[in-house]
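Residue numbers (my numbering): 1367 to 1831.
Now the structure itself:
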């Protein structure tokens, strides 16, 4: 809960107590204390749906104060008791909502670098957009770069999601009202928008692909960790496969309903892989001549990797299969496409996933469980070089993203596994960084040598090292 949320709720409680005990004299004016607290909260933090009961309670308490002041003898007995009971009930709801759906905090990155971020709108004039019926529509992407930056302590931190209205379709997909995720706008990252790139030569480049109905920011904890350790990470919004994508001209493109059909998904994975390759083309152009001058000559394009979660993991496998510029491949908790299984992969590959029993406990079908593990094992067994299988029993599908941070009640509700949000993020961040450090920076990572006392719950299998 944010400090001004706590202040508002504390003053609501104080006002309720003042009115219930029928304080007299100057003490009764304490019932008005929530009004300046409400004003401060709205001006500093902005309104949020979780605080609507607190806003309503503040208004009701002020109204009750007016009634008590105007007719002190008329409000008594049973009516006063009912009013007090209603006030207590509303206060309980007002406290519960911001606790259940907080403005969550991202884990602090552990690396030595500050983080900057820049967002780009790129149009691939060579490709028609297969999701639309208009043959002249070209494929458009929104891509956000996260990079090692020179620290700017006085600068505000960039928002997690600038326009959380684009997440309405994701809320609907979860069976929730569209407004439920709007408070993501209030979450702050550790990055500064358009901060200058840190000194230190060229930085390896990573691409990130989100899941079906996801959004480019849903692994920001992992992305910031990598950027803080000297990687430039490009997170890609795939229009029509994402929950929603907002373009600079105000257009918002939601998820195509056909993305719920597995046959359709299989058909568009190669197209989404082309999004990633096009992104790498544009990044290459920035390294040659960045119009802003910041990234020119700063990107190590000889050391490029890719990672993705869920559908984004399948897109990662497909892109690594098609694009030889990628030197390290990290699909997370997903099957691999048929052509990838048939032909194999050339790069070092790390899978981060979980055991079959955990998948079944989450509710995955037997066919989905078997496909995920069998495609992984088939490619792993034929890798010409290094391969790693990282299995984490107890992690659910959502635990491989930022999603467990959204509410402390996801685990009791069966929407998150038993590992815990902070632990799950730590595992994903530490193993992914060890993998990329090893194969893009040439830095030995003892974590990948075998079982780790730091993470005894992780099951690691390696080959070809």
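Where is the CB? At the ideal position from N, CA and C, for every residue including glycine.
Rounded to a whole number of angstroms, what is the C-alpha to C-alpha distance between residue i and residue j?
i            : j            : result
residue 1408 : residue 1417 : 10 angstroms
residue 1377 : residue 1601 : 42 angstroms
residue 1547 : residue 1519 : 29 angstroms
residue 1655 : residue 1754 : 37 angstroms
residue 1616 : residue 1658 : 23 angstroms
residue 1463 : residue 1375 : 12 angstroms
residue 1478 : residue 1800 : 16 angstroms
residue 1507 : residue 1604 : 6 angstroms
residue 1630 : residue 1624 : 6 angstroms
residue 1552 : residue 1369 : 13 angstroms
residue 1817 : residue 1486 : 41 angstroms
residue 1825 : residue 1757 : 5 angstroms
residue 1591 : residue 1500 : 40 angstroms
residue 1555 : residue 1771 : 13 angstroms
residue 1844 : residue 1415 : What the structure shows of the chain is the stretch from 1367 to 1831, and residue 1844 is not part of that stretch, so it cannot be assessed.
residue 1421 : residue 1540 : 27 angstroms
residue 1483 : residue 1380 : 43 angstroms
residue 1435 : residue 1558 : 50 angstroms
residue 1798 : residue 1572 : 11 angstroms
residue 1704 : residue 1633 : 11 angstroms
residue 1763 : residue 1684 : 20 angstroms
residue 1584 : residue 1747 : 31 angstroms
residue 1333 : residue 1542 : Because the chain in this structure spans residues 1367 to 1831, residue 1333 falls outside the shown range and cannot be described.
residue 1504 : residue 1495 : 5 angstroms
residue 1515 : residue 1536 : 32 angstroms
residue 1511 : residue 1396 : 50 angstroms
residue 1803 : residue 1401 : 53 angstroms
residue 1761 : residue 1779 : 14 angstroms
residue 1645 : residue 1727 : 37 angstroms
Can you tell me which of the options puts its alpha carbon nearest to the alpha carbon of residue i?
i            : options                   : result
residue 1610 : 1651, 1534 and 1637       : 1534
residue 1665 : 1604, 1570 and 1740       : 1570
residue 1661 : 1560, 1399 and 1756       : 1560
residue 1720 : 1783, 1421, 1553 and 1748 : 1783
residue 1649 : 1825, 1551, 1513 and 1492 : 1513
residue 1808 : 1669, 1685 and 1516       : 1669
residue 1745 : 1712, 1812 and 1802       : 1712
residue 1524 : 1385, 1481, 1618 and 1762 : 1481
residue 1696 : 1435, 1806, 1621 and 1736 : 1806
residue 1698 : 1743, 1496 and 1767       : 1767
residue 1709 : 1687, 1729 and 1728       : 1687
residue 1398 : 1413, 1372, 1367 and 1430 : 1430
residue 1410 : 1373, 1434 and 1647       : 1373
residue 1791 : 1586, 1505 and 1549       : 1586
residue 1531 : 1550, 1517 and 1516       : 1550
residue 1765 : 1543, 1725, 1619 and 1400 : 1725
residue 1488 : 1367, 1614 and 1802       : 1614
residue 1517 : 1563, 1475 and 1492       : 1563
residue 1493 : 1638, 1596 and 1538       : 1638
For residue i, count neighbouring Cβ atoms within 10 angstroms of its own Cβ and tell me buried if that reaches 16, exposed if not.
i            : result
residue 1502 : exposed
residue 1815 : exposed
residue 1465 : exposed
residue 1716 : buried
residue 1822 : exposed
residue 1714 : buried
residue 1738 : buried
residue 1676 : buried
residue 1810 : exposed
residue 1678 : buried
residue 1641 : buried
residue 1527 : buried
residue 1424 : buried
residue 1820 : exposed
residue 1447 : exposed
residue 1582 : buried
residue 1742 : buried
residue 1775 : exposed
residue 1751 : exposed
residue 1626 : exposed
According to DSSP, residue i sits in a beta bridge with which residue or residues?
i            : result
residue 1756 : 1718 and 1826
residue 1674 : 1575 and 1697
residue 1326 : The displayed coordinates of the chain run from 1367 to 1831. Any statement about residue 1326 would go beyond what the structure contains.
residue 1816 : Note: residue 1816 sits in no beta bridge, so no partner.
residue 1484 : 1511
residue 1666 : 1570
residue 1781 : The partner list for residue 1781 (beta bridge, DSSP) is empty, contrary to what the question assumes.
residue 1408 : Bridge partners of residue 1408: none, in fact.
residue 1489 : 1506
residue 1692 : 1670
Taking only beta-carbon positions, decide if residue i is within less than 8 angstroms of chain D.
i            : result
residue 1379 : This model lacks chain D altogether; it includes just one protein chain.
What do you reckon, is the C-beta of residue i under 7 angstroms from a heavy atom of the ligand NAP?
i            : result
residue 1535 : Of ligands this structure carries none, so the ligand NAP is not represented either.
Subject >> Unbroken stretches of the alpha helix (DSSP H), 4 residues or longer, contained in the segment 1505–1570 >> reply: 1534–1539
**OP:** Could you tell me which uninterrupted beta strand (DSSP E) segments, each at least 3 residues in length, are contained entirely in the segment 1572–1655, listed from first to last along the chain?
**Re:** 1598–1603, 1610–1612 and 1618–1620
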